[in-house]
Amino acid sequence: MVGRWVGLLAVLLLALVACAQEPPAQEPPPPKPPQPFWSDSFEDADLHGRGWYDGREWHLSDIAREGEHSLEFSWLAGTMNSQTHGGRRPV
Numbered sequence: 053m054v055g056r057w058v059g060l061l062a063v064l065l066l067a068l069v070a071c072a073q074e075p076p077a078q079e080p081p082p083p084k085p086p087q088p089f090w091s092d093s094f095e096d097a098d099l100h101g102r103g104w105y106d107g108r109e110w111h112l113s114d115i116a117r118e119g120e121h122s123l124e125f126s127w128l129a130g131t132m133n134s135q136t137h138g139g140r141r142p143v
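For the sequence shown, counting from 1, position 41 maps to 93 in our numbering; every step adds exactly one.
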């Protein structure tokens, strides 16, 4: 009779331990891929009207990775400002 109580107590103890354990932690969702701070298609030359750019003279190139145009800058060796555009404020 004592053996039966010991067995029942052992089963109850195991059930209590199993119920007291936390469920397995779920994997956090994967991080979102980084997004660009800003983007511009450069499909028209009204860059000043967008509020992102200083100056009013631009050279839009027909060589583009995406879309039809890209903004082109060029520098002379050893200079800090673009030859095609003046100095720019940080965006």
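All residues carry an ideal CB built from backbone N, CA and C; glycine is no exception.
Where in the stretch 86-127 do unbroken runs of the beta strand (DSSP E), each at least 3 residues long, occur, reported from the N-terminal end onward?
none
Of the residues 93, 100 and 135, which one's Cα is nearest the Cα of residue 117?
Translated into the one-based positions of the sequence shown, residue 117 becomes position 65. With distances taken between Cα atoms, residue 117 lies closest to 93.
Rounded to whole angstroms, what is the Cα-Cα separation between residue 78 and residue 70?
Here the question's residue 78 lines up with position 26 in the sequence shown. Here the question's residue 70 lines up with position 18 in the sequence shown. The alpha-carbon atoms of residue 78 and residue 70 are separated by roughly 18 Å.
Look up residue 129 in the DSSP assignment and say whether it is helix, strand or coil.
Position 77 of the sequence shown, counted from the start, is the residue given in the question as residue 129. If DSSP states are grouped into helix, strand and coil, residue 129 belongs with coil.
Do the stretch 120-138 and the stretch 83-98 meet, that is, are 3 or more Cβ pairs less than 8 Å apart?
yes
What is the rounded straight-line gap between the Cα of residue 110 and the Cα of residue 89?
On the sequence shown, residue 110 is found 58 positions in, with the first residue counted as 1. On the sequence shown, residue 89 is found 37 positions in, with the first residue counted as 1. If I take the Cα positions, the gap works out to 21 Å.
Which same chain residues end up closer than 7 Å to residue 56 when comparing Cβ atoms and leaving out the 5 residues on each side of it in sequence?
Sequence index remark: in the sequence shown, residue 56 carries index 4 (1-based). Excluding residues within five positions, none has a Cβ falling inside 7 Å.
Would you mind sorting residue 99 into buried or exposed? The rule is 16 or more other CB atoms within 10 Å of its CB.
On the sequence shown, residue 99 is found 47 positions in, with the first residue counted as 1. Burial call: buried.
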